[in-house]
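Peer 1:
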Amino acid sequence: MHVNGRPVEHEVDDRTLLVEFLRQHCALTGTHVGCDTSQCGACTVKLDGAAVKSCTVLACQADGGQVVTVEGLAREDRLHPVQEAFVQCHGLQCGFCTPGMIMAVEHFLSTCPSSLDDETIHQALEGNICRCTGYVNIIAAVRHAAAAMYPQAWGGNAARGAHA
Ligand code: FES
Ligand code: FES
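The sequence shown begins at 780 in our numbering and counts up by one.
1) Would you mind working out which of 811, 827 and 839 sits nearest residue 845, comparing C-alpha positions?
2) Compute the minimum distance between the beta carbon of residue 849 and the heavy atoms of ligand 1, and state whether it is under 7 Å.
3) Using 8 Å as the threshold, is the C-beta distance between residue 934 and residue 878 below it?
4) Checking the sheet assignment: what are the DSSP bridge partners for residue 854?
5) Does any heavy atom of ligand 1 sit closer than 7 Å to the C-beta of residue 832?
6) In whole angstroms, give me the CA-to-CA distance for residue 824 and residue 932.
7) When DSSP labels each residue in this structure, what does residue 877 get in the three-state scheme?
8) Could you give the residue range of the alpha helix (DSSP H) that holds residue 818?
9) Quick check on this structure: which residue in 832, 811 and 916 has the alpha carbon closest to the alpha carbon of residue 876?
10) Based on Cα-Cα distance, which residue from 820, 927 and 783 lies nearest to residue 874?
11) Which residues does DSSP pair with residue 786 in a beta bridge?
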């Protein structure tokens with residue numbers, strides 16, 4: 780498979796999960812394991828453009844695929860706008876959920892959303908659990924990132940959740 784644009788090849792047991800492959804064979808430990816019930820979303824990565832919980836995908840199912848992890852979002856020395864928004868809005872406390880949260884937000888914003896109201900953002904992030912923040916600053920980060928990524932659509936009124 781390709782991970783963050785680079786070809787990687789390892790022989791693994793059939794039962795190896797994608798998250799294990801990324802952490803143990805690729806040393807990409809930004810993808811976290813936060814539960815054993817497929818609920819927390821800390822392991823979220825992108826596989827062939829879709830956000831997936833990498834604890835629910837076998838590594839062999841990603842054979843030949845394109846995987847993007849949180850380590851693959853920044854460009855040279857520039858953070859991705861979603862990463863920058865989490866910094867600016869302090870969208871984290873302990874940070875354990877943050878890589879998965881950022882990947883889920885990046886996926887949500889990868890096509891310009893038609894709404895940024897609370898309900899829409901809640902639905903987009905319903906697969907990701909944060910035990911610390913109360914979500915308020917995470918939601919602010921979503922709107923901040925949308926304004927940076929789509930200034931014409933969301934630059935002016937992003938904070939209010941309505942199209943500019
Ligand atoms: Fe919790 Fe994957 S580790 S959903
Ligand atoms: Fe601690 Fe989200 S910042 S779990």
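From the three backbone atoms N, C-alpha and C, an ideal C-beta is built for every residue, glycine too.
In this text the structure is predicted, and so the values were computed from the model without any measurement.
Peer 2: On the basis of the coordinates in this document:
1) Of the residues 811, 827 and 839, the one whose Cα lies closest to the Cα of residue 845 is 827.
2) In this structure, the C-beta of residue 849 stays at least 7 Å away from each heavy atom of ligand 1.
3) No, they are not a contact pair.
4) DSSP links residue 854 through a beta bridge to 857.
5) Annotation for residue 832 indicates a beta carbon within 7 Å of some heavy atom of ligand 1.
6) The straight-line gap separating the alpha-carbon atoms of residue 824 and residue 932 is approximately 26 Å.
7) In the structure shown, residue 877 sits in a helix (DSSP, three-state: H, G or I).
8) For residue 818, no alpha helix (DSSP H) segment is defined, and its DSSP state is neither H nor E.
9) Of the candidates 832, 811 and 916, the one whose C-alpha sits nearest the C-alpha of residue 876 is 811.
10) The option with the nearest alpha carbon to residue 874 is 820.
11) In the DSSP output, where bridge partners are listed per residue, residue 786 has 781.
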